[in-house]
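The structure appears below as structure tokens.
Numbering (our numbering), first residue to last: 1 to 421.
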């Protein structure tokens with residue numbers, strides 16, 4: 001696979017100021033020199049630290065009165081923008097301010113803006129705030145990236161949900177309410193970036209964040225248990241690609257995760273579930289080539305072993321429904337992308353003799369998961385509904401939403417037993 005600049009690919013948002021070619025690269029941009037998590041600040045935490053004398057004051061860029069913040073959020077002129085931002089942060093868990101602008105098409109999120117939305121949402125107790133890649137002697141305003149995540153549910157989230165109609169509440173939360181679900185920041189930011197890049201450059205119906213990627217939602221059964229994929233890519237024909245980001249050198253935890261997915265895949269044929277799984281391996285950007293190769297090999301070994309334990313059926317083998325790719329293969333350096341990225345090239349353990357163990361030379365074969373000829377699906381009303389319903393979700397990329405989707409207001413009226421003449 002050859003690499004080309006992002007600007008050489010056909011983009012759905014070719015002039016947007018926060019398109020991929022214009023955002024900081026969260027993998028190659030040296031945001032994670034000190035680890036995979038940052039120090040987060042909620043408004044309540046900051047107030048307690050000031051009271052205890054641990055810090056002197058709120059950073060200048062965050063000094064917005066809560067009353068002014070709520071006046072802006074509740075204004076009819078800017079209410080839609082507030083809903084989009086809260087929806088995106090809820091669905092994707094952790095984002096840079098640039099990613100948030102790319103998802104929502106809301107300008108002026110960052111603290112470098114004249115009236116930053118980040119300060120507004122923070123003052124209203126709707127998001128927490130962190131600084132990524134900060135260097136000694138630099139202020140928060142000049143740091144490479146600022147991050148946001150949902151704050152803990154409390155008075156701010158209650159006030160926000162109380163102001164929403166039922167239709168707005170569903171479009172913002174997916175019907176699952178306001179919550180905070182923490183993972184490592186690097187892991188979440190890379191998952192968000194991967195979803196954005198797929199949305200911008202690939203032929204997909206939609207991409208969904210971790211909030212809407214639970215095992216129960218993806219498999220259609222509560223017996224799948226707790227847990228979630230990091231991203232779900234939905235092909236135009238309804239095929240769903242559950243993406244698992246492995247952001248460090250893996251071990252037993254990844255082996256267990258792979259085995260759980262293979263077990264779930266083997267239970268239901270792809271024509272019924274419409275589900276496949278992709279592991280994206282993203283070790284630290286400064287890892288040696290030997291460490292990168294080892295990391296990918298461990299994931300491959302876990303997949304090939306699990307496929308033999310859970311082979312599926314002759315018409316729907318598990319090996320065809322699980323793949324792996326490295327971040328470096330798709331995005332080999334800052335500003336560069338594989339020329340084949342729009343078809344999402346991966347490798348699957350489908351080679352000759354895969355159930356007997358095979359070997360690395362013949363076991364792993366290329367597949368393009370976004371090629372409609374790969375695992376083609378027959379028409380299915382339930383899968384079509386997923387594509388249709390996603391159009392009303394404010395947390396998905398704005399350029400994929402389009403028109404259409406269910407009329408949630410009419411549905412609420414009908415469910416209430418009200419007849420409209």
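Think of the CB as a built atom: it goes at the ideal place given N, C-alpha and C, for glycine as much as any other residue.
Bridge-paired residues (DSSP) for residue i
{"i": "residue 281", "result": "246 and 326"}
{"i": "residue 241", "result": "233 and 276"}
{"i": "residue 228", "result": "214"}
{"i": "residue 317", "result": "312"}
Run of the beta strand (DSSP E) containing residue i, from where it starts to where it stops
{"i": "residue 145", "result": "145 to 150"}
{"i": "residue 3", "result": "3 to 5"}
{"i": "residue 444", "result": "What the structure shows of the chain is the stretch from 1 to 421, and residue 444 is not part of that stretch, so it cannot be assessed."}
{"i": "residue 368", "result": "365 to 368"}
{"i": "residue 130", "result": "127 to 132"}
{"i": "residue 233", "result": "231 to 234"}
Beta-carbon contacts of residue i that lie in its chain and below 8 Å, excluding the five residues immediately before and after
{"i": "residue 123", "result": "43, 62, 64, 65, 66, 68 and 69"}
{"i": "residue 146", "result": "96, 97, 110, 111, 118, 129, 130, 131, 132 and 140"}
{"i": "residue 362", "result": "351, 352 and 353"}
{"i": "residue 311", "result": "266, 317, 318, 319 and 355"}
{"i": "residue 138", "result": "For residue 138, the predicted structure reports a pLDDT of 49, less than 50, and the residue's modelled location is therefore unreliable. A value from the coordinates is still provided. No residues qualify anywhere along the chain."}
{"i": "residue 333", "result": "3 and 28"}
{"i": "residue 171", "result": "83, 87, 392, 393, 394 and 408"}
{"i": "residue 125", "result": "42, 43, 44, 66, 151, 154, 155, 156 and 157"}
Given residue i as reference, the closest of the options once Cα atoms are compared
{"i": "residue 371", "options": "312, 395, 386 and 346", "result": "346"}
{"i": "residue 397", "options": "208, 21, 307 and 178", "result": "208"}
{"i": "residue 106", "options": "201, 88 and 94", "result": "88"}
{"i": "residue 275", "options": "150, 320 and 21", "result": "320"}
{"i": "residue 1", "options": "377, 395, 403 and 366", "result": "366"}
{"i": "residue 258", "options": "325, 272, 299 and 402", "result": "299"}
{"i": "residue 199", "options": "229, 40, 256 and 344", "result": "344"}
{"i": "residue 376", "options": "21, 238 and 125", "result": "238"}
{"i": "residue 22", "options": "31, 5, 32 and 30", "result": "5"}
{"i": "residue 7", "options": "335, 399 and 373", "result": "335"}
{"i": "residue 229", "options": "195, 161 and 205", "result": "195"}
{"i": "residue 79", "options": "314, 168 and 100", "result": "168"}
{"i": "residue 380", "options": "236, 325 and 324", "result": "236"}
{"i": "residue 214", "options": "41, 92 and 150", "result": "92"}
{"i": "residue 113", "options": "262, 156 and 60", "result": "60"}
{"i": "residue 260", "options": "184, 227, 30 and 13", "result": "227"}
{"i": "residue 324", "options": "308, 181, 297 and 313", "result": "297"}
{"i": "residue 270", "options": "378, 17 and 399", "result": "378"}
Residue i - containing alpha helix (DSSP H), residue span
{"i": "residue 208", "result": "That residue, residue 208, is in no alpha helix (DSSP H); its beta strand (DSSP E) goes 206 to 209."}
{"i": "residue 44", "result": "43 to 51"}
{"i": "residue 496", "result": "A query on residue 496 cannot be resolved here, the shown segment of the chain reaching from 1 to 421 and no further."}
{"i": "residue 189", "result": "185 to 201"}
{"i": "residue 112", "result": "Where residue 112 is concerned, there is no enclosing alpha helix (DSSP H), given that its DSSP letter is neither H nor E."}
{"i": "residue 66", "result": "66 to 74"}
{"i": "residue 166", "result": "166 to 173"}
{"i": "residue 384", "result": "381 to 389"}
{"i": "residue 158", "result": "155 to 162"}
{"i": "residue 85", "result": "79 to 92"}
{"i": "residue 401", "result": "398 to 401"}
{"i": "residue 344", "result": "Unbroken run through residue 344: none, as it is neither H nor E."}
{"i": "residue 99", "result": "97 to 104"}
Contacts around residue i, its chain only, beta-carbon distance under 7 Å, and the 5 residues preceding and following it disregarded
{"i": "residue 285", "result": "27 and 28"}
{"i": "residue 327", "result": "27, 280, 281 and 282"}
{"i": "residue 405", "result": "388, 389, 391 and 392"}
{"i": "residue 173", "result": "90"}
{"i": "residue 197", "result": "20"}
{"i": "residue 136", "result": "Note that residue 136 scores 38 on pLDDT, short of 50, meaning its location in the model is unreliable and no value can be drawn from it."}
{"i": "residue 176", "result": "211"}
{"i": "residue 11", "result": "19, 200 and 201"}
{"i": "residue 302", "result": "254, 255 and 258"}
Neighbourhood of residue i by C-beta distance below 6 Å, restricted to the same chain and skipping five residues each side
{"i": "residue 241", "result": "233, 276, 278 and 369"}
{"i": "residue 342", "result": "201 and 202"}
{"i": "residue 9", "result": "201"}
{"i": "residue 15", "result": "none"}
{"i": "residue 330", "result": "338 and 341"}
{"i": "residue 401", "result": "391"}
{"i": "residue 292", "result": "283"}
{"i": "residue 103", "result": "88 and 397"}
{"i": "residue 374", "result": "367 and 368"}
{"i": "residue 45", "result": "none"}
{"i": "residue 25", "result": "334"}
Counting Cβ pairs closer than 8 Å, one from the segment 43 to 55 and one from the segment 214 to 221, do we hit at least three? no
Tell me, please, whether the segment 72 to 84 touches the segment 378 to 391 by the rule of three or more beta-carbon pairs shorter than 8 Å. no
I want to know whether the segment 188 to 205 touches the segment 238 to 246 - three or more CB-CB distances under 8 Å. yes
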